[in-house]
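In our numbering, the protein residues as written are 679 to 857.
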């Protein structure tokens, strides 16, 4: 299987497959209707054939497994959906700063440099700010969200959390975080 990122169409189909897998879509006609509704607007024979080809392609790529006439999410499909879900994580907003600064410190081995890049992008997506090399800062609790990301990429042993009452350049970071 290639290590390319799945297309948005594949992700939509995986999300639908997850609904099928969990039983929120029960009947076979409901499956076809849901798939067609999410991707195609017409219910023609050519659209159904196109959908079958998409499902077969997703199976070849490892996202789905087939047992007789039924498709199910494979472990790769579930893992892919979980990785995509991480991009929707957000740190709950706080009304007021409690006076503590939260720092994330990490030392990721060179062998995991590709994962490090993705991890840093997740930190940026969550709103953390670069403090210094391998140190990121945020004014509110973020440990739960960052642990989820680190766990997905196998980085938990390489990260540490620090809570501080004072930091250098505090006024600069207060401006960055707009308080």
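For every residue, glycine included, the Cβ atom is placed at its ideal position computed from N, Cα and C.
All values reported here derive from a predicted model rather than from experimental measurement.
CB of residue i within 8 Å of CB of residue j, strictly
{"i": "residue 733", "j": "residue 826", "result": "no"}
{"i": "residue 778", "j": "residue 837", "result": "no"}
{"i": "residue 820", "j": "residue 780", "result": "yes"}
{"i": "residue 693", "j": "residue 759", "result": "yes"}
{"i": "residue 831", "j": "residue 793", "result": "yes"}
{"i": "residue 839", "j": "residue 801", "result": "no"}
{"i": "residue 730", "j": "residue 737", "result": "no"}
{"i": "residue 854", "j": "residue 810", "result": "no"}
Identity of the residue in the options nearest residue i by Cα
{"i": "residue 765", "options": "773, 804, 790", "result": "804"}
{"i": "residue 769", "options": "846, 818, 833", "result": "818"}
{"i": "residue 795", "options": "763, 857, 744, 833", "result": "833"}
{"i": "residue 685", "options": "728, 739, 725", "result": "739"}
{"i": "residue 856", "options": "688, 753, 723, 775", "result": "775"}
Helix, strand or coil at residue i [DSSP, three-state]
{"i": "residue 841", "result": "strand"}
{"i": "residue 726", "result": "helix"}
{"i": "residue 808", "result": "strand"}
{"i": "residue 748", "result": "strand"}
{"i": "residue 685", "result": "coil"}
{"i": "residue 856", "result": "coil"}
{"i": "residue 769", "result": "coil"}
{"i": "residue 692", "result": "helix"}
{"i": "residue 833", "result": "coil"}
{"i": "residue 705", "result": "Since pLDDT at residue 705 reaches only 43, below the 50 mark, its modelled position is unreliable, and the value read off the structure follows with that caveat. Residue state, collapsed to three classes: coil."}
Limits of the unbroken beta strand (DSSP E) element including residue i
{"i": "residue 791", "result": "Element bounds for residue 791: not the beta strand (DSSP E) but the alpha helix (DSSP H), 791-804."}
{"i": "residue 786", "result": "Run containing residue 786: none; DSSP gives neither H nor E here."}
{"i": "residue 877", "result": "Nothing in the structure corresponds to residue 877, since the chain is present only between 679 and 857."}
Extent of the continuous alpha helix (DSSP H) run through residue i
{"i": "residue 754", "result": "753-764"}
{"i": "residue 829", "result": "821-830"}
Per DSSP, cross-strand counterpart(s) of residue i
{"i": "residue 743", "result": "750"}
{"i": "residue 780", "result": "816, 841"}
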